[in-house]
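In what follows, a structure is listed as structure tokens, so that the remarks can point back to it.
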Amino acid sequence: MSDTALEPGQGGAAPLPASHDMSEVSDWIALLKPRVMTLVVFSAVVGLVVAPGAASMPPVLMVAAVLCIAVASGAAGAINMWFDRDIDAVMRRTSKRPIPAGRIAPSAALAFGIWLSVGSVTLMWMATNLVAAGILALSIAFYVFVYTMWLKRRTPQNIVIGGAAGAFPPVIGWAAVTGDVTLVPVILFAIVFAWTPPHFWALSLWAHDDYARAGVPMLPVTAGARETRRQVMIYTAILVPLSLAPWLVGFSGPVYAAVAVVLGAMFLRHALAVLRDAQDEAGRSLTRDAPAKACFRFSLYYLFVLFGALAIDRLVFAA
């Protein structure tokens with residue numbers, strides 16, 4: 014993509030203010046996708062605090078590691094917004110982002126993302142170890158090159174494969190403490206990886222029109238709502254037993270296992286409601302409390318509570 018695709022007066026972008034270099038701080042923060050960053054940071058913190066040796070790690074280094082992961086997530090988000098500025102301009106839920114709205118120049122956003130990427134990886138290496146820095150760099154590259162530039166516009170499996178990018182944070186947090194990657198962080202990676210498809214496909218069911226207008230081959234656009242609902246159910250059914258893996262390998266105790274079972278039952282109930290729902294067929298719009306939207310919202314709470322329970326189980330009940 015050329016950097017001129019959405020320059021002032023082109024591709025539907027609003028005219029770029031003369032003082033665009035003095036854009037509001039909030040616009041630069043928006044480039045970092047702070048909502049996505051919240052979950053990234055939380056899962057990274059959990060991976061860090063449950064890792065062996067975390068109690069002896071200097072607090073300043075722990076803070077530095079978390080900061081690096083947050084900045085790296087934001088950097089990838091900024092580059093994603095630079096690359097996707099053309100489709101963001103035609104989607105209702107993204108048209109007011111800083112680049113398509115003309116408040117930040119595409120070239121400035123790209124430079125911002127690149128510098129943050131380099132800085133976060135370099136600081137992670139200096140503050141912790143090469144393994145954590147290497148995985149952090151891999152996560153940025155995977156999100157930018159594999160998901161954003163390659164998969165997103167080419168295949169409905171973009172979320173499945175691209176979900177690996179969002180599954181790296183707990184592994185990075187663990188590696189920042191231990192300098193290695195063992196079975197437990199791989200399990201945490203797998204949980205987030207399996208959680209991603211039902212989470213995003215539930216979103217795509219009620220954002221179908223936006224994706225279709227932008228030409229993004231999300232599953233509801235290419236295979237229809239019925240198949241998407243079926244896939245939400247399948248991946249949720251895979252996720253629920255997988256969430257018990259930390260307990261099955263002896264890393265967590267009964268507190269985590271109980272929370273995982275309850276959360277899993279609730280997620281399955283939401284997925285089943287999505288599977289049985291047909292209001293998203295025949296071109297009809299979803300209502301505000303549609304099962305797909307409810308499933309999407311619950312999926313956010315699910316991962317926060319599940320990972321939170323793992324941290325509490327390890328730090329409180331296993332102490």
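Counting in my numbering, the sequence shown runs from 14 upward without gaps.
C-beta atoms are modelled at their ideal positions from N, C-alpha and C, and glycine is treated no differently.
Asked	Found
Environment of residue 330 [buried if 16+ CB atoms lie within 10 Å]	exposed
Beta-carbon gap between residue 203 and residue 255 smaller than 7 Å	yes
Residue 209 - DSSP class collapsed to helix/strand/coil	helix
Sufficient close CB pairs (3 or more, under 8 Å) joining the region 46 to 65 to the region 309 to 329	yes
Host alpha helix (DSSP H) of residue 162 (start-end)	Residue 162 -> no alpha helix (DSSP H), and no H or E assigned at all.
Start and end residues, alpha helix (DSSP H) containing residue 56	47 to 62
Residue burial classification, residue 137 (beta-carbon count within 10 angstroms, cutoff 16)	buried
Status (buried if at least 16 other CB within 10 Å, exposed otherwise) for residue 97	buried
Cβ pair count under 8 Å reaching 3, the region 129 to 149 against the region 177 to 195	yes
Entirely enclosed alpha helix (DSSP H) segments - the region 238 to 310, minimum 4 residues	238 to 255, 258 to 261 and 267 to 289
Residue 285 versus 110, 211 and 119, residue with shortest Cα-Cα distance	211
Between the CA atoms of residue 277 and residue 121 - distance to the nearest angstrom	43 Å
Residue from 167, 189 and 160 whose Cα sits closest to the Cα of residue 175	160
Proximity below 7 Å, CB of residue 89 to CB of residue 131	no
CB contact flag (residue 219, residue 252, <7 Å)	no
Candidates 266, 309, 249 and 194, of which the one nearest residue 64 by Cα	194
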